[in-house]
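Read the structure below first, then the notes.
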Amino acid sequence: MSTHIPRVDFGRRVLVLRHRRIAVRLQWRSVVVCAVLAVAVAGTAVLALMTGSYALDPGQVLSALTGRETGIVHDIVVEWRLPRVAAAVMFGAALGVSGAVFQSLLRNPLADPGIIGFSQGSYTGALIVILVVNGTYAQLVGGALLGGMATAVAVYVLAYRRGVQGFRLIVVGIGVSAMLASLNTWLILKADLDQAMSAAAWGAGSLNGVSWDQVVIGGACVAVLLLPAGMLSRPLRQMELGDDAAASHGVRVSPARLGLILVGVALTATVTAASGPIAFISLVAPQIARRLARTAGITLAPAALVGALLCLASDYLAQHVAPTPLPVGVITVVLGGGYLGYLLFTEARRRL
Amino acid sequence: MSNISLTRRGAALAAALMSASLVLTACGGAGDGTGVKAAEAPGVKAAETRSVKAENGTIEVPVNPRRVVTIGNTNLPFIDLGGKPVGVTEASDSELGVLPAEQKAVYEAAEIIGSNGGEVDLEKLAGLKPDLILVQFHSSDWDKVGKRLEAIAPTVLWGLDTEWKAFADAIGEAGNVTDALSRQKTEFKDKVAKIQATYGKIIDGTSFVDVSRGDWSDPGTFYIADIGCSEIARDDLGLDLPEAAEGKDPLAYESLPFEQIGELSKYDVITYPVDAQGRPTAPFAPVVETNTWKALPAVSSGRALGVFCPGNNSYGPVIRYLDSLGSALATLPSQK
Amino acid sequence: MTALALRQDGQGTETVPGPRRRLLGLVVALVVLVVLLVLSVMIGSTAIAPSVVWDALFRSSADIDQFAIRDFRLPRTIVGLVVGVALGLSGALIQALTRNPLADPGVLGVHAGASFAVTVAVGVLGVRDAQGYMWFAFAGALIVTLLVLALGSTRQGSSPVFMVLAGVCVGAVLGGAREALQLTSPDAFDAMRYWNAGSIVGRPLEVVWPVLPFFAVALILAFAVSGPLNALALGDELAVAQGVRLVRTRVLAVIALTLLAGGATAIAGPIGFVGLMVPHVARWIVGPHQRWIFAYSVLLAPSLLLVSDILGRIVMRPGEIPVGVVTAFVGAPVLVALVRRKKASGL
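Chains as they are written, first to last, in our numbering: chain A, 60 to 411; chain B, 38 to 373; chain C, 34 to 380.
So, in structure tokens, the structure goes:
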């Protein structure tokens, strides 16, 4: 491991942690940013547990959490609010990492798994289940995953020509996504209003009604996927410098890229299965994280934390601040887009 | 390059932390599962109950429910039967616009608990302390929030495809508003019989078509209405109206371009939507203004009838529709 | 468009046809367009004999079928032509401006602004008249594009990359707000699901005339800046060295493309893919010469729109598919095929 630690110091303040023979070099700013983000996530989580339209005082919430309440109070805190908070944190983090992987992989600040058609494909699958088959929630999840995966595979195959080149992948993705978006518009047009609105609420991404089952299963998948994401982060870094450069550093580019795409898509797929496609986190979380931590490239850990905070805060606003409860995806778009816009704005001013 | 090693470690660290926290939450989840059963159905009191059959099984509901919440399409039918819900989901402006004033007042007095079925504010709903919840929405919404609704109070579910008369019967029974229901049913039967007796000769052997446009319709399109009010005219009154083939989408889902207005010339009588005052509804007005419409034989010979349809999923609005249709049929020239 | 590449590829080693062949191609494109205009009047979801079509245009009477031709098919064809020209040219402008072969007017927030304004009109202000939407859409598109331009500019001028990022951000924020409004107002939702599809049906010509002067201005501006935009393709420094005034060129180009895309969206709703694909194909035919790309786009874009519209009329008879849904299905396979060609990176 230590052979990969570069000897060159760019003059940033670095924190070195030593434990026996293992040394970890961390940039102070990244560490501080991650710590602050983690505290913010925890604080928002507590706030979310305490707030709701069913008035409960902090004492009741605490005693419910420690299992000393029964009936509706127990249900509200432990069965409704808690899994929702847990889901927001985990799914937000998963989306942040998945976006970071794609942006880094495609060397493009606007890439996310949507770029290979996953989002549109899963929406198409869900629409077909809701509007045509009139299926159950489980079928909806299956349809969404099937649609998303099939689209991703189709885009990959269409873009394959003696290897997959990033640029070609993006163009094919745009083309296929545009087709599916049209198909989705058409399906919504042909449907009854009630059904169409139900489908649209799913399409916006909602954490309403998230249960422990979804949290545990989804969470386990996310945890399993975060490990390979962490392990592939070195090849990812190398590939950011170009395929040739990475190959000269001993990275096997093609399998690494395929592996990373799979991890990124699988992370998004997990979230989509549990809550519908929550938009925009995977797009903005890595960008915001990069600007907060002032790192040169896309980094996974801050992206995960920003994603979690964004998702949690958005869900809080969607539930408690909006005049009527809204799907969280509606707010993530506004919040994330607005904040990224603000960052861009200040960045532009600084450059003068 | 120093951040390369950093991020990798950071990512691994984050992954480890995440996994740890997951294990913890998973344990928490498993533990809580047993807690729910102990606190089952808190809304049901020792008070007298009766059983109602519904899509979600046989439900024990209070004999005389006092605090009813209606979700999805149950709102207006329940109010139409004289029910006074404490909580409702949002109805569209176009529906509210044609509601009788006293029903609108009842709707406005109720607390809004969400815009549509899947996004109801469950905590606000629980805070209303309902003793009965009436629901009609998509089954995927039910899969999402059904269990939680049942945890708040006895919940009666109907699917979106429930036929309107059966729906009215079921709501009347579940919500204990059967008095109003039987009065409305009698009135409905009388009106149907009267129209058939008075206009039977005209109805027989005359081909009708009902055309419409919605607020939402793309400019330059209309549709043949075979669902909604004209379905009642076809099935209950026996009017000869076009119908979609078995197993196919209703004709109304197909937006037809204006150039197909000409195709309507094959029908004897055309009905189209008007407001309570008898003017073509705002969305339909552009159709009436086209030269093609004016040139239709039915239109030029006075056999295009404006009919007011305030709603089609409970007896109250349907009765108003029958009144409007009856007086429209009265204006038909006796022989075609 | 769901996303776009910020990568700026070099022009590659394309074989650029000589002026004579370019002119010949232009004539062919013109002939194709004229043929499609005729077909668009002839073919519809109702079968009307060619002789009736002929009579409707030149020997009018009060026949029902003649009304169908004169009142519906003819205006629809003209709207298709106007909207197509505007979309094609605005796409060519934005691709030249951002030096990005995958940009389309949507990235500057044109569609987002228009959709948001229409949703507000329906959901908040209670506008129910589809023709009343038009001015909201136009104003929304103009205001939002100017906002994006302001956000994406620094005092030294506007950087294309920043402009695109700003467009994506503003588009997302407005998109989210629009969705929130739609999900809380069933009326707005219902109206928007149709408007969002993008269609050229039933727009009376009276709604098109007021937009035409804007298009005329934009057309003149576009060809006026085509020279400087050529130089701009080589990079800012080289362009300045050649005497190009960066700020003025960019501002004029943005004004032109906003008027075109905003006007087209106001008339027809958001129609994607035409503005993306047509300039692409044009560049592939004539090489990196903006004036030629513009000229080809002006002829090819309405052709694509009309082909899509005609297809939309006949594949689901007696119903129709809105043209905005069809354009993607016609355009996407062509784009995928193009990018799979050998010299794909030279797109």
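Positions of the beta carbon are idealized from the N, C-alpha and C atoms, including for glycine.
{"Query": "What does B:Val-182 touch in chain F if you count any residue whose Cβ is under 9 Å from its own?", "Result": "This model lacks chain F altogether, as its protein chains are A, B and C."}
{"Query": "Are the CB atoms of C:Val-116 and B:Thr-258 nearer to each other than 8 Å?", "Result": "no"}
{"Query": "For B:Arg-185, return the contacting residues in chain A, with the cut-off set at a CB-CB distance below 9 Å.", "Result": "Asp-134, Glu-138, Trp-139, Gly-268 and Ser-270"}
{"Query": "Report the rounded CA-to-CA distance for A:Arg-349 versus A:Pro-361, giving the unit in angstroms.", "Result": "8 Å"}
{"Query": "Any beta carbon of chain C sitting closer than 8 Å to that of A:Trp-245?", "Result": "yes"}
{"Query": "Can you tell me whether C:Ser-78 is helix, strand or coil according to DSSP?", "Result": "coil"}
{"Query": "Can you name the start and end residues of the alpha helix (DSSP H) that A:Trp-139 belongs to?", "Result": "Premise fails: A:Trp-139 is in no alpha helix (DSSP H) and is neither H nor E."}
{"Query": "Name, going along the chain, the residues of the stretch 231-260 of chain C whose beta-carbon falls closer than 7 Å to a beta-carbon of chain B.", "Result": "Ser-232, Val-234, Gly-235 and Arg-236"}
{"Query": "Of all the options A:Met-256, A:Glu-406 and A:Gly-207, which has the alpha carbon lying nearest to the alpha carbon of A:Thr-329?", "Result": "A:Gly-207"}
{"Query": "With a threshold of 8 Å between beta carbons, is A:Thr-20 in contact with chain B?", "Result": "No answer is possible for residue 20 of chain A: it lies beyond the span of chain A, which begins at 60 and ends at 411."}
{"Query": "Measure the CB-CB distance between A:Val-216 and C:Ala-365 and report whether it falls below 8 Å.", "Result": "no"}
{"Query": "Any C-beta of chain C sitting closer than 8 Å to the C-beta of B:Gln-297?", "Result": "yes"}
{"Query": "Using the Cβ count rule (16 or more neighbours within 10 Å means buried), how would you classify C:Phe-100?", "Result": "buried"}
{"Query": "Please state whether DSSP places B:Leu-194 in a helix, a strand or coil.", "Result": "strand"}
{"Query": "Should A:Val-293 be labelled buried (16 or more other beta-carbon atoms within 10 Å of its own) or exposed?", "Result": "Before going further, note that residue 293 of chain A is Arg rather than Val in the sequence given. Buried, since its Cβ has 16 or more Cβ neighbours within 10 Å."}
{"Query": "What's the C-alpha gap between C:Arg-324 and C:Leu-285?", "Result": "15 Å"}
{"Query": "Label A:Asp-272 either buried or exposed according to how many other C-beta atoms from any shown protein chain fall within 10 Å of its C-beta, with 16 as the threshold for buried.", "Result": "exposed"}
{"Query": "For A:Arg-140, count neighbouring Cβ atoms within 10 angstroms of its own Cβ and tell me buried if that reaches 16, exposed if not.", "Result": "buried"}
{"Query": "Can you tell me whether DSSP reads C:Arg-109 as helix, strand or coil?", "Result": "helix"}
{"Query": "Measuring alpha carbon to alpha carbon, tell me which of B:Glu-97, B:Tyr-352 and B:Ile-356 ends up nearest B:Leu-194.", "Result": "B:Glu-97"}
{"Query": "Using the C-alpha atoms, what's the distance from C:Met-196 back to C:Val-132?", "Result": "The identity of residue 132 of chain C in the sequence shown is Arg, whereas the question assumes Val. Looking at the two C-alpha atoms, the distance is approximately 12 Å."}
{"Query": "Cβ closer than 8 Å: which chain B residues qualify as neighbours of A:Thr-195?", "Result": "Ser-176, Ser-177 and Asp-180"}
{"Query": "Name the residues in the stretch 243-270 of chain B whose C-beta lies less than 8 Å from a C-beta of chain C; which are they?", "Result": "Gly-251, Asp-252, Trp-253, Ser-254, Asp-255, Pro-256, Gly-257 and Thr-258"}
{"Query": "On the criterion of 16 or more Cβ atoms from any shown chain inside 10 Å, does B:Thr-95 qualify as buried, or is it exposed?", "Result": "exposed"}
{"Query": "Give the list of continuous alpha helix (DSSP H) stretches no shorter than 4 residues that lie fully inside the stretch 161-197 of chain A.", "Result": "177-186"}
{"Query": "Does the CB of C:Ala-210 have a neighbour CB from chain B at under 8 Å?", "Result": "no"}
{"Query": "Is the Cβ-Cβ distance between A:Thr-391 and A:Leu-371 less than 8 Å?", "Result": "no"}
{"Query": "What are the residues that DSSP puts in a beta bridge with B:Ser-244?", "Result": "B:Asp-277"}
{"Query": "Quick check: is the beta carbon of B:Asn-328 nearer than 8 Å to any beta carbon in chain C?", "Result": "yes"}
{"Query": "Does the distance from the CB of C:Leu-399 to the CB of C:Arg-283 come in under 8 Å?", "Result": "Missing from the structure shown is residue 399 of chain C; chain C here goes from 34 to 380 and no further."}
{"Query": "So, using beta-carbon positions, are A:Trp-261 and A:Gly-335 closer together than 8 Å?", "Result": "yes"}
{"Query": "In chain order, what are the residue ranges of uninterrupted alpha helix (DSSP H) at least 4 long that sit wholly in the stretch 307-357 of chain C?", "Result": "307-319 and 323-347"}
{"Query": "Quick check: the Cα distance between C:Gly-314 and C:Pro-321, rounded to an integer number of angstroms?", "Result": "The question names Gly, but residue 314 of chain C in the sequence shown is Val. Each residue's alpha carbon lies about 11 Å from the other."}
{"Query": "Since C:Gly-305 meets chain A, which of its residues come closer than 9 Å, beta carbon to beta carbon?", "Result": "Ala-237, Ala-240 and Ser-241"}
{"Query": "Taking only runs of the alpha helix (DSSP H) that begin and end inside the stretch 178-255 of chain C, which ones reach a length of at least 4 residues, in chain order?", "Result": "193-217, 219-228 and 238-241"}
{"Query": "When the Cα atoms are used, what is the spatial distance from B:Gly-70 to A:Ala-250?", "Result": "In this prediction, B:Gly-70 scores a pLDDT of 37, lower than 50, which makes its location untrustworthy; the coordinate-derived value is nonetheless stated afterwards. Taking the straight line joining both Cα atoms gives about 38 Å."}
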